[in-house]
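Chains as they are written, first to last, in the working numbering: chain A, 367 to 592; chain B, 367 to 592. C-beta atoms are modelled at their ideal positions from N, C-alpha and C, and glycine is treated no differently. Everything numeric in this text was worked out from a predicted model, so none of it was measured.
Protein chains: 2
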Amino acid sequence: MRERDDADGASPVAPVSAPNGKREPGSLIPVTARGEATRQRILESAEQVFGEMGYYEASVSEITRRAGVAQGTFYLYFHSKREIFVELIDDLGTRLRSATSAAIADTTDRLIIERQGFAAFFDFLSHHPRIYKIVQEADRVAPEAARAYYQRISEGYQRGLRRAREFGTIREVDPEATAYALMGVAHFVALRWLVWPQELGAEEHSIPPTVFDAVMDFISHGLVGR
Amino acid sequence: MRERDDADGASPVAPVSAPNGKREPGSLIPVTARGEATRQRILESAEQVFGEMGYYEASVSEITRRAGVAQGTFYLYFHSKREIFVELIDDLGTRLRSATSAAIADTTDRLIIERQGFAAFFDFLSHHPRIYKIVQEADRVAPEAARAYYQRISEGYQRGLRRAREFGTIREVDPEATAYALMGVAHFVALRWLVWPQELGAEEHSIPPTVFDAVMDFISHGLVGR
DNA sequence: TATCAATATGACTGATACGTCATGTTATTG
DNA sequence: CAATAACATGACGTATCAGTCATATTGATA
Chain A
367 MRERDDADGA
377 SPVAPVSAPN
387 GKREPGSLIP
397 VTARGEATRQ
407 RILESAEQVF
417 GEMGYYEASV
427 SEITRRAGVA
437 QGTFYLYFHS
447 KREIFVELID
457 DLGTRLRSAT
467 SAAIADTTDR
477 LIIERQGFAA
487 FFDFLSHHPR
497 IYKIVQEADR
507 VAPEAARAYY
517 QRISEGYQRG
527 LRRAREFGTI
537 REVDPEATAY
547 ALMGVAHFVA
557 LRWLVWPQEL
567 GAEEHSIPPT
577 VFDAVMDFIS
587 HGLVGR
Chain B
367 MRERDDADGA
377 SPVAPVSAPN
387 GKREPGSLIP
397 VTARGEATRQ
407 RILESAEQVF
417 GEMGYYEASV
427 SEITRRAGVA
437 QGTFYLYFHS
447 KREIFVELID
457 DLGTRLRSAT
467 SAAIADTTDR
477 LIIERQGFAA
487 FFDFLSHHPR
497 IYKIVQEADR
507 VAPEAARAYY
517 QRISEGYQRG
527 LRRAREFGTI
537 REVDPEATAY
547 ALMGVAHFVA
557 LRWLVWPQEL
567 GAEEHSIPPT
577 VFDAVMDFIS
587 HGLVGR
């Protein structure tokens, strides 16, 4: 579950305990289950607070308040406010990708894959409305993290498109351009029919079926063509 | 690093000059050409600073410094930092819309309109790279302004699509869904081939022709279909 | 149950920024 | 050339935080 990443995690060196008995500052990795649980609570609180108030208006003290820990505890597990934000982006990306890829498993027809993928994406967003704005904001707060987020999604997309192209399910298309085009479609439709409505009225929203069908129609023609 | 929150809103009414001879605070509209020029300089400086540093890391003092005026002068023309940001969003929207609509004047074929519209959009962005990030950030800083920005673009788009549909140039499509889908395509292609490259290397970039053609191909099939 | 590393606390510091205000300058008008 | 309204100044008042640190608590182990 946790997915503590090996290579691309921060912490350059020396994760072990210190020689003098004092804990090496810069470890940040909890050793006990208690620590792990606290760290997780802080992360979840951060997702909530960043989602509601945005990165800059969110304060570390608000995050720790909601997590039920003291300010100082935060810095036991994260070097900085920005660092936890980046970790959050990575988490959200992983969760989103696994949600969509789970939805298209066992499917081979590319157009059905698109339909199920889009449906899963919208579904995920409507249940986690915060993540949209968090990722959006990442473009300013942590551009590298935002790029990585979109790039990883596009890579999966490109693989799928290439395969479909080989099998002749779809037209000859430029995989990367098409991948970004499709991501843009999903993004803006979500903005218009999920994010905005949620901001105005508090209820949970989903894409109207007629809109969903219209979008899938547009995409299908775009991919297949004559 | 810190950000004070602007207690914005306020400013009930009374734009005219004061009875006691002192200028009524809340007018904000320059009366002389000198004032107009100063206000404009501040606006241009704000576009630059917001674009480079982002809304929250930009400071009013940095804006006034680059405009060559004192801090207090800022509040002669704008109630708050947020207010100038909103005005900027409106400005950028107007400029962008007029740039694209100028590019498609005298054109009737919808597919050619799309091609020219997209080209104008990309061209505008590559010459004003800042605006992309400013508008993006507006989603957090001034959601109403951001919504208005996108809505006005989509309205023009929908009109065009409806007309094209009536003339049979394109398939029967849902105008609003299609408008947002197309906006999404443009947005993400710009992100990938204009904004990101500009962030990494400082030079000016434009969309590679093969990518542009691939995108137009996708769109054309999506609009026309069989 | 004594030990001690891991975990937790919260007061404090240093830095920064928005917006105000009392005062000064410009230039237009009668 | 006064008078005066518009424009301009910049120091200051008031807040807010990110991050640090000395101290306290917890709980596993021997």
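Contact check, residue i vs residue j, beta carbons under 8 Å
i	j	result
I455(A)	T430(A)	no
A486(B)	T460(B)	no
A580(B)	T535(A)	no
L458(B)	I395(B)	no
G588(A)	F554(B)	no
R518(B)	R463(B)	yes
R432(B)	A508(B)	no
S586(B)	F488(B)	no
F440(A)	V426(A)	yes
L442(A)	P495(A)	no
A556(A)	Y515(A)	no
E503(B)	Y421(B)	yes
A403(A)	V415(A)	no
T474(B)	D540(A)	no
R605(B)	W562(A)	The requested residue 605(B) does not occur in the structure, where chain B is confined to residues 367 to 592.
F484(A)	A552(A)	yes
M582(A)	E418(A)	no
E542(B)	R531(B)	no
A412(B)	I470(B)	no
Y546(B)	R558(A)	yes
G550(A)	G550(B)	yes
E570(B)	S492(B)	yes
Proximal chain B residues relative to residue i, where beta-carbon distance stays under 9 Å
i	result
T576(A)	D540, A543
V581(A)	D540, A543, T544, Y546, A547
E565(A)	P509, R513
Under 7 Å by beta carbon: chain B residues contacting residue i
i	result
I519(A)	Result: empty, since nearest Cβ-Cβ is about 11 Å, beyond 7 Å.
R513(A)	W562
R558(A)	Y546
Beta-carbon neighbours of residue i, restricted to chain A and to distances below 9 Å
i	result
G489(B)	Looking at the sequence shown, residue 489(B) is not Gly but Asp. Correct list: empty, because the minimum Cβ distance to chain A is about 18 Å.
F444(B)	Here the premise fails: no neighbours, minimum Cβ distance about 20 Å.
Cross-chain neighbours of residue i in chain B, by beta carbon under 8 Å
i	result
H587(A)	R537, H587, G588, L589, V590, G591, R592
Residue i: contacting residues in chain A (beta-carbon distance under 8 Å)
i	result
M584(B)	Per the sequence shown, the amino acid found at residue 584(B) is Phe instead of Met. Those are V539, A543, T544, A547, G588, L589, listed as they occur along chain A.
At a CB distance below 8 Å, what residues from the segment 541 to 555 of chain B approach chain A? Give them in sequence order.
E542, A543, T544, Y546, A547, M549, G550, V551, A552, H553, F554, V555
Alpha helix (DSSP H) runs contained entirely in the segment 409 to 494 of chain B, provided each spans 4 or more residues:
Counting only runs of 4 or more, we get 426 to 433, 437 to 443, 447 to 470, 476 to 493.
Report the residue ranges of all beta strand (DSSP E) runs contained in full by the segment 500 to 582 of chain A; include only those spanning at least 3 residues, in chain order.
none
Looking at chain A, which residues of the segment 474 to 508 of chain B have a Cβ within less than 7 Å of any of its Cβ atoms?
K499, Q502, E503, D505, R506
Using a Cβ cut-off of 7 Å, which residues of the segment 410 to 426 of chain B contact any Cβ in chain A, in chain order?
G420, Y422
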